[in-house]
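According to full-length UniProt numbering, the sequence shown holds residues 1 to 224 in order. For each residue, glycine too, the CB sits at the ideal point set by N, CA and C. Bear in mind that the values here come from a model prediction, so they are computed numbers and not experimental data. Okay, structure first, notes after.
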Amino acid sequence: MDYSTLEIAGAQAVELLELKRVCYSSSGMYPFLIGDSDDLTRLQLVGDFENRSPGEIIHSSAAVDLSLWMARRQEEEELYDFDPAKVLGTWPASRVVRDSITVHRDDLTNKAKPRVQMGLATIDQPWHLPAVLRFGNWNDCPDAVVHCAFLQHWQREFGAEIACASSHTLECIVSRPPLDQDAALHLAWEQFWYCENIVHEEYQTISNLAAALLGANYWYFWWD
């Protein structure tokens, strides 16, 4: 398992990504957007934190008990006066829904970058991608084994597939998002333990995140 890259026009990135996604089942080359050349360099450096091979990572992910892993994360938070009710909050009157992928866009202008990188990974399943990238294992970012475990779970439950990867972000396209409040809240708690930043730094509460996930076809995660 490995991946290659090709440079494409930022303005055409989403269209080309969709075309490559359609061809994945026959080509075996899984497409994902990376960002510009600097993003590619940083993504390659991220892999230095992981010494296991992609095959070893994928094999190890099968042994991950996600419920136990999240419970341990909660135990760690409770050492610092974690208050579940405060983090949960109340269901919002309005919500902000992510309506696209963003890695190909400039953070300041929101315009497509002139040139971006597309990755093509030789993998059997979309959830194998973190293993090929050897993504994670710094600060609060889980290691690649845990990324694979969560992405396999979410691919099975929601049809979530990684569409973008940079050195500190992952974005997913979701074909079967949660359609009721209880399911969205359950998913929001899973995403909180997986990536606390999306609550602490963006949505502020689990309920706000859950409202944004309801019926949403795009997910976004980032780690410091």
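**OP:** List the residues that DSSP assigns as beta-bridge partners of Cys23.
**Re:** Indexing the sequence shown from 1 puts residue 23 at position 23. DSSP lists no partner for Cys23.
Subject >> Per-residue DSSP class, three states only, for Pro130 >> reply: On the sequence shown, position 130 is the one that residue 130 refers to. Correct three-state label for Pro130: helix.
Original post:
Short check: CB of Val96 to CB of Ala210, under 7 Å?
Top reply: Working through the sequence shown from its first residue, we reach residue 96 at position 96. Working through the sequence shown from its first residue, we reach residue 210 at position 210. Taking 7 Å as the Cβ cut-off, Val96 and Ala210 do not qualify as a contacting pair.
**OP:** Just tell me which of Glu157, Ile206, Ser25 has its CA closest to the CA of Lys86.
**Re:** To locate residue 86, count along the sequence shown from 1; it is residue 86. When only C-alpha atoms are compared, the closest one is Ile206.
Original post:
Are the C-beta atoms of Glu77 and some chain B residue less than 7 Å apart?
Top reply: Among the chains in the structure shown there is no chain B, since it carries only a single protein chain.
Subject >> Whole-number beta carbon distance between Tyr218 and Arg98, since they are thought to touch under 8 Å >> reply: Position 98 of the sequence shown, counted from the start, is the residue given in the question as residue 98. Position 218 of the sequence shown, counted from the start, is the residue given in the question as residue 218. Yes, Arg98 and Tyr218 are in contact; Cβ-Cβ is about 5 Å, under 8 Å.
**OP:** Can you say whether Cys141 is buried or exposed, counting buried as having 16 or more other CB atoms within 10 angstroms of its CB?
**Re:** For this step, residue 141 is matched to residue 141 along the sequence shown. Result: buried.
**OP:** Please look up how many angstroms separate the CB atoms of Ile34 and Leu43, rounded, as I've assumed it's under 8 Å.
**Re:** For this step, residue 34 is matched to residue 34 along the sequence shown. For this step, residue 43 is matched to residue 43 along the sequence shown. Rounded, the Cβ-Cβ distance is 6 Å, consistent with contact.
Subject >> Beta-carbon contacts of Pro92 that lie in its chain and below 7 Å, excluding the five residues immediately before and after >> reply: Walking along the sequence shown from the start, residue 92 turns up at place 92. Correct list, in chain order: Ser207, Asn208, Ala211.
Original post:
Which of helix, strand or coil does DSSP assign to Ser4?
Top reply: Counting from one through the sequence shown, the residue named residue 4 turns up at place 4. In the structure shown, Ser4 sits in a strand (DSSP, three-state: E or B).
Original post:
Which first and last residues belong to the alpha helix (DSSP H) in which Ile34 is found?
Top reply: Locating residue 34 in the sequence shown gives position 34, where the first residue counts as 1. Under the DSSP assignment, Ile34 falls outside any alpha helix (DSSP H), being part of the beta strand (DSSP E) whose first and last residues are 29-35.
Original post:
Opposite Leu213 in the DSSP bridges: which residues?
Top reply: For the purposes of this step, residue 213 is taken as the residue at position 213 of the sequence shown. Partner(s): none; Leu213 has no beta bridge.
Subject >> Simplified DSSP state of Gln117, which is helix, strand or coil >> reply: On the sequence shown, position 117 is the one that residue 117 refers to. Three-state DSSP puts Gln117 in a strand.
Subject >> Nonlocal neighbours in the same chain, by C-beta distance under 8 Å from Phe82, ignoring five residues either side >> reply: On the sequence shown, position 82 is the one that residue 82 refers to. So the list reads Gln74, once near-sequence residues are dropped.
**OP:** Spell out a yes or no on whether the segment 24-38 and the segment 160-168 are touching, meaning 3 or more CB-CB pairs, one atom from each, closer than 8 Å.
**Re:** yes
Subject >> According to DSSP, residues forming a beta bridge with Leu170 >> reply: Position 170 of the sequence shown, counted from the first residue, corresponds to residue 170. Bridge partners of Leu170: Ala165, Phe221.
Original post:
Between Gly159 and Glu78, what straight-line distance do the alpha-carbon atoms span, to the nearest angstrom?
Top reply: Reading the sequence shown from its first residue, position 159 is the one you call residue 159. Reading the sequence shown from its first residue, position 78 is the one you call residue 78. A direct Cα-to-Cα measurement between Gly159 and Glu78 gives close to 32 Å.
Subject >> Where Ala188 falls: helix, strand or coil (DSSP) >> reply: What you label residue 188 is simply residue 188 of the sequence shown in a count that begins at 1. Correct three-state label for Ala188: helix.
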